[in-house]
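First comes the structure, then the notes that go with it.
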Amino acid sequence: MKILTMKEAIARHVHDGDSVAIEGFTAFICSAAAHEIIRQRRCDLTLCRMTPDLVYDQMIAAGCASKLVFSYAGNPGVGPLHCIRRAVEKDDPHPLEIEEYSHYGMICRYIAGSSGLPFYPLRSYLGSDLPRVNPRIRFVDNPYGDDRIAVVPPLNPDVAIIHAQRADGNGNTQMWGFRGVQKEAAFAAKTVIVVVEEIVDEAVIRSDPNLTIIPELIVDAVVLQPYGAHPSYVQGYYDRDNKFYLAWDRISRDPEKVGAWLDEWVHATVDWEHYVDKLQKEEPAIWERLAPGENLSEPLNYGRYAAQEVNHD
Amino acid sequence: MTDYTPSEFMIAQSARALAGERIVFVGVGLPNIACNLAKRTVAPDLELVYESGVFGARPERLPLSIGDPTLVSGAKSVCSSAELFSLYLQAGRIEVAFLGAAQIDKFGNLNTTVIGDYAKPKVRLPGSGGACEIATHAQKVFMIARLSKRTFVETLDFYTSPGHLNGREGERAALGIPGSGPQLIVTDMALFGFERESREMILTVLRPGVTVKDVQDQISWPVRVAPDIRDADPPTAEELRLIREELDPDGMYSK
Chain U
1 MKILTMKEAI ARHVHDGDSV AIEGFTAFIC SAAAHEIIRQ RRCDLTLCRM TPDLVYDQMI
61 AAGCASKLVF SYAGNPGVGP LHCIRRAVEK DDPHPLEIEE YSHYGMICRY IAGSSGLPFY
121 PLRSYLGSDL PRVNPRIRFV DNPYGDDRIA VVPPLNPDVA IIHAQRADGN GNTQMWGFRG
181 VQKEAAFAAK TVIVVVEEIV DEAVIRSDPN LTIIPELIVD AVVLQPYGAH PSYVQGYYDR
241 DNKFYLAWDR ISRDPEKVGA WLDEWVHATV DWEHYVDKLQ KEEPAIWERL APGENLSEPL
301 NYGRYAAQEV NHD
Chain D
1001 MTDYTPSEFM IAQSARALAG ERIVFVGVGL PNIACNLAKR TVAPDLELVY ESGVFGARPE
1061 RLPLSIGDPT LVSGAKSVCS SAELFSLYLQ AGRIEVAFLG AAQIDKFGNL NTTVIGDYAK
1121 PKVRLPGSGG ACEIATHAQK VFMIARLSKR TFVETLDFYT SPGHLNGREG ERAALGIPGS
1181 GPQLIVTDMA LFGFERESRE MILTVLRPGV TVKDVQDQIS WPVRVAPDIR DADPPTAEEL
1241 RLIREELDPD GMYSK
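Order-wise, the sequence lines are chains U and D. FYI, in this note's numbering the residues of the first sequence are 1 to 313. FYI, in this note's numbering the residues of the second sequence are 1001 to 1255.
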């Protein structure tokens, strides 16, 4: 069994100077892990993620990161990420190095990293200034034709943190909904922490093995953390808390408000359970408000297979 | 005649432009409402593809972002980001895609990266996201933007995503860019196509009540005007009813 608390998992597996990927395409964004990294005052991290989102805005404001590797830095559906903007535009609170790709460029970096390739080709960046400002995006001759094609190098984060609906205690992790680039990010990383809404028996996992996107083979720690992706969402478990996305747009415009928010909601909370309690005290019906209705999939039959006669002729 | 907002004008015009299309790559906000309006009017067989990894979405509510869970529930297929970008987009299966940008030049090239110098930007914008690949691979690109001199600029501060590049014939193909590039820009005041010879933006349709001069005043270069320029047909009562009662009842995007 690999079950740890979030405190133990971060203390054991995330070190100053590491490259860290907390992935999730607008869904399954593990704020619980981000907050614990801030709480334990990790610094000098290289943060990798297609869509940095609120969690990296908060980590960068808290001084955890020296570099950002990304493809789209926005508050999804709301506007800009103000802390990242301040860091890039004004070196406030400190300079932030950036290494920038397009979405498919980031995906291809994870694919190369996860499958042991020295680079991965994609048809992109033609007529774009991105290769000019990021020399790691290069063009090579097509060995089978006359054209040239863009390539990107592998991305192998020291740590990937992946949030999902459920896993067993050994880390066989099942996810439904927008799976984003989590599988590739996990297989590319040296260390994998999975964070789940529920820990289930291995029998549950084995009942629908197509749902398992991350096998125990690559998992180092399993953390049980209900509501750990708030204010983002977990398909079928809770909805996005759009009120907070809108609130962050206001808070994050002012560095003092950001500091006060981090003090109150991260440093002054002991752990994520404490954060969830605090949310519930402010809004007792929060989880009712965010509870999705029921929409069950049809059960399916994987079959049971009896031994067959083997013909040795 | 019923009153309508500039956003409702943009939604209705964008929806009509989807007549006969089948596979559309949708963005959040106005394009999302336009695509859902098209599905209920001119393009009932339209399949909605979202960057987050959905084919054949059937959203029950107005999505809060392109990754909204309502896009998963009831969709025909949900896939990973790698599959979406390789098997759907790079393979050329997207017929039309909607894009917006902070800066657009006369050839429909797009900047969503920085205002000012890249190393020391005045404004750091979100970046490419999928736009560079969408602009490369969608068979056609439609743009939605509000007309202003700040957006429609002579020279981009940064070339994030390719339009018609420098406007030279065969330039996209010579570089190996498969899609045919920008075909239409829908703004709050007018519609633009791209002239066949110059591949430059050309004013083709005016919102009723708007003049060519009004439009020129919001564009940083002398804009080409189509000889057969005409006034748009305003949004119909039925289009407005669908927008106001079904697609955006709170007026989040269309007010």
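Don't be surprised by glycine CBs; every beta carbon is placed ideally from N, CA and C.
| field | Sequence-distant residues of the same chain with beta carbon closer than 8 Å to residue 212 of chain U, five excluded per side | value | Your numbering for residue 212 of chain U matches position 212 in the first sequence. Only residues of its own chain outside the window of five on either side were considered, and among them 172, 173, 174, 205 have a CB closer than 8 Å to the CB of residue 212 of chain U, listed in chain order.
| task | Using three-state DSSP, classify residue 1182 of chain D as helix, strand or coil. | result | Counting from one through the second sequence, the residue named residue 1182 of chain D turns up at place 182. Residue 1182 of chain D: strand per DSSP, three-state reduction.
| message | Once the 5 residues before and after residue 192 of chain U are set aside, which same chain residues still bring their CB inside 6 Å of it? | response | Residue 192 of chain U sits at position 192 when you count from the first residue of the first sequence. For residue 192 of chain U, same chain residues with a beta-carbon under 6 Å away, outside a window of 5 residues either side, are 160, 186, 218, 219, 220 in chain order.
| said: Determine, for residue 286 of chain U, whether the minimum Cβ-Cβ distance to residues of chain D falls below 7 Å. | reply: Locating residue 286 of chain U in the first sequence gives position 286, counting from the first residue. Chain D contact via Cβ: absent.
| said: Determine, for residue 1205 of chain D, whether the minimum Cβ-Cβ distance to residues of chain U falls below 7 Å. | reply: In the second sequence, counting from the first residue as 1, residue 1205 of chain D sits at position 205. No, residue 1205 of chain D lies away from the interface with chain U (no Cβ there is under 7 Å from its Cβ).
| task | Within the same chain, show all residues whose beta-carbon is closer than 8 Å to that of residue 1148 of chain D, passing over the 5 residues directly before and after it, in chain order. | result | Indexing the second sequence from 1 puts residue 1148 of chain D at position 148. Excluding residues within five positions, the ones whose Cβ falls inside 8 Å are 1218.
| Taking DSSP as the reference, what is the three-state secondary structure of residue 274 of chain U? | Reading the first sequence from its first residue, position 274 is the one you call residue 274 of chain U. Note: residue 274 of chain U maps to helix in three-state DSSP.
| Relative to the alpha-carbon of residue 197 of chain U, which residue among U/47, U/167, U/128 has its alpha-carbon at the smallest distance? | Indexing the first sequence from 1 puts residue 197 of chain U at position 197. The shortest Cα separation from residue 197 of chain U among U/47, U/167, U/128 belongs to U/167.
| said: Pairs of beta-carbons, one from the segment 103–113 of chain U and one from the segment 138–157 of chain U, closer than 8 Å: are there three or more? | reply: In short, these stretches touch, since the Cβ pair count reaches three.
| said: Please list, in chain order, the residues of the segment 1015–1046 of chain D that have any C-beta partner in chain U closer than 9 Å. | reply: Here the close residues are 1028, 1029.
| message | Within 8 Å, do at least three Cβ pairs link the segment 1120–1127 of chain D to the segment 40–49 of chain U? | response | Because the criterion of three Cβ pairs below 8 Å is not met, the segment 40–49 of chain U and the segment 1120–1127 of chain D do not touch.
| said: Less than 7 Å between the beta carbons of residue 1048 of chain D and residue 1028 of chain D, yes or no? | reply: Residue 1048 of chain D sits at position 48 when you count from the first residue of the second sequence. Residue 1028 of chain D sits at position 28 when you count from the first residue of the second sequence. The answer is no: Cβ separation not under 7 Å.
| task | Compare the C-beta of residue 23 of chain U with all C-beta atoms of chain D and state if any pair is closer than 7 Å. | result | Here the question's residue 23 of chain U lines up with position 23 in the first sequence. So no, residue 23 of chain U is outside the interface.
| residue 322 of chain U burial status per 10 Å Cβ neighbour count (16 or more: buried) | The shown model of chain U, from 1 to 313, leaves out residue 322 of chain U, and the question about it has no answer.
| Minimum C-alpha distance to residue 131 of chain U - residue among D/1158, D/1098, D/1140 | Locating residue 131 of chain U in the first sequence gives position 131, counting from the first residue. Distances from the alpha-carbon of residue 131 of chain U to those of D/1158, D/1098, D/1140 put D/1158 closest.
| message | So, at 8 Å on beta carbons, what are the nonlocal neighbours of residue 1130 of chain D in its own chain, with the 5 sequence-adjacent residues on each side left out? | response | Position 130 of the second sequence, counted from the first residue, corresponds to residue 1130 of chain D. Closer than 8 Å at the Cβ level, and outside the excluded window around residue 1130 of chain D, lie 1051, 1085, 1089.
| field | Contacts that residue 235 of chain U makes with chain D (C-beta to C-beta distance below 7 Å) | value | Counted from its first residue, the first sequence places residue 235 of chain U at position 235. Going along chain D in sequence order, the residues near residue 235 of chain U (Cβ under 7 Å) are 1069, 1072.
| Limits of the alpha helix (DSSP H) - the one that residue 55 of chain U falls within | Position 55 of the first sequence holds residue 55 of chain U. Residue range 53–61 is occupied by the alpha helix (DSSP H) that includes residue 55 of chain U.
| Option nearest residue 80 of chain U by Cα separation, candidates U/278, U/275, U/261, U/249 | The count along the first sequence starts at 1 and reaches residue 80 of chain U at position 80. Here the closest residue by C-alpha is U/249.
| query | Taking all protein chains shown into account, do 16 or more other C-beta atoms lie within 10 angstroms of the C-beta of residue 1106 of chain D, making it buried, or fewer, making it exposed? | reply | Taking the second sequence and counting its residues from 1, one reaches residue 1106 of chain D at position 106. The C-beta of residue 1106 of chain D has 16 or more other C-beta atoms within 10 Å across all chains shown, which makes the residue buried.
| Reduced DSSP secondary structure (H/G/I, E/B, other) of residue 84 of chain U | Counting from 1 along the first sequence, the entry for residue 84 of chain U is found at position 84. Reduced to three states, the DSSP call for residue 84 of chain U is helix.
| query | At what residues does the beta strand (DSSP E) containing residue 1172 of chain D begin and finish? | reply | Taking the second sequence and counting its residues from 1, one reaches residue 1172 of chain D at position 172. Secondary structure note for residue 1172 of chain D: it is in no beta strand (DSSP E), and the uninterrupted alpha helix (DSSP H) holding it is 1171–1175.
| query | For residue 230 of chain U, which residues in chain D fall below 7 Å Cβ to Cβ? | reply | Start at 1 with the first residue of the first sequence, and residue 230 of chain U comes out as number 230. What residue 230 of chain U touches in chain D, judged by beta-carbon distance under 7 Å, is nothing: the nearest beta carbon there is about 14 Å away.
| message | Within the continuous alpha helix (DSSP H) that includes residue 1049 of chain D, where are the two ends? | response | Taking the first residue of the second sequence as 1, we reach residue 1049 of chain D at position 49. Run containing residue 1049 of chain D: none in the alpha helix (DSSP H); it sits in the beta strand (DSSP E), 1047–1050.
| query | Per DSSP, which one or two residues make a beta bridge with residue 30 of chain U? | reply | Here the question's residue 30 of chain U lines up with position 30 in the first sequence. Partner(s): none; residue 30 of chain U has no beta bridge.
| task | Classify residue 90 of chain U as helix, strand or coil using the three-state DSSP reduction. | result | Here the question's residue 90 of chain U lines up with position 90 in the first sequence. In this structure, DSSP gives residue 90 of chain U a helical state, which the three-state scheme calls helix.
| Nearest candidate by alpha-carbon position, reference residue 8 of chain U, set U/210, U/194, U/307, U/66 | Along the first sequence, one-based indexing puts residue 8 of chain U at 8. When C-alpha distances from residue 8 of chain U are compared across U/210, U/194, U/307, U/66, the shortest belongs to U/194.
| task | Check whether the Cβ atoms of residue 55 of chain U and residue 31 of chain U sit closer than 7 Å, and answer yes or no. | result | Counted from its first residue, the first sequence places residue 55 of chain U at position 55. Counted from its first residue, the first sequence places residue 31 of chain U at position 31. Taking 7 Å as the Cβ cut-off, residue 55 of chain U and residue 31 of chain U qualify as a contacting pair.
| query | Would residue 89 of chain U count as contacting chain D if we go by Cβ distances under 7 Å? | reply | The residue labelled residue 89 of chain U in the question sits at position 89 within the first sequence. Output row for residue 89 of chain U: interface = yes.
| query | Mind checking if residue 1243 of chain D is an interface residue toward chain U, Cβ cutoff 7 Å exclusive? | reply | Residue 1243 of chain D sits at position 243 when you count from the first residue of the second sequence. With its beta carbon at least 7 Å from every one in chain U, residue 1243 of chain D lies outside the interface.
| message | Can you tell me whether residue 1013 of chain D is buried or exposed? The criterion is at least 16 other CB atoms within 10 Å of its CB, across all chains shown. | response | The sequence position of residue 1013 of chain D within the second sequence is 13, counting from 1. Buried is the call here.
| request: Compare the beta carbon distance of residue 1142 of chain D and residue 1096 of chain D with 7 Å and say whether it is the shorter of the two. | output: The sequence position of residue 1142 of chain D within the second sequence is 142, counting from 1. The sequence position of residue 1096 of chain D within the second sequence is 96, counting from 1. Yes.
| Test: residue 1055 of chain D CB closer than 7 Å to a CB of chain U | Within the second sequence, residue 1055 of chain D is the residue found at index 55, counting from 1. No - not a single Cβ of chain U is within 7 Å of the one on residue 1055 of chain D.
| request: Give the residues from the segment 1145–1158 of chain D that approach chain U closer than 8 Å (Cβ to any Cβ), ordered along the chain. | output: Those residues of the segment 1145–1158 of chain D placed with their C-beta closer than 8 Å to a C-beta in chain U are 1158, ordered along the chain.
| query | What are the residues of the segment 1089–1102 of chain D that lie near chain U, defined by any Cβ-Cβ distance shorter than 8 Å? | reply | From the segment 1089–1102 of chain D, only 1089, 1090 have a Cβ closer than 8 Å to chain U.
| message | Along the segment 89–119 of chain U, where does the CB come closer than 7 Å to a CB of chain D? Name the residues. | response | Residues of the segment 89–119 of chain U with a C-beta less than 7 Å from any C-beta of chain D: 89, 100, 102, 103, 104, 107, 111, listed in chain order.
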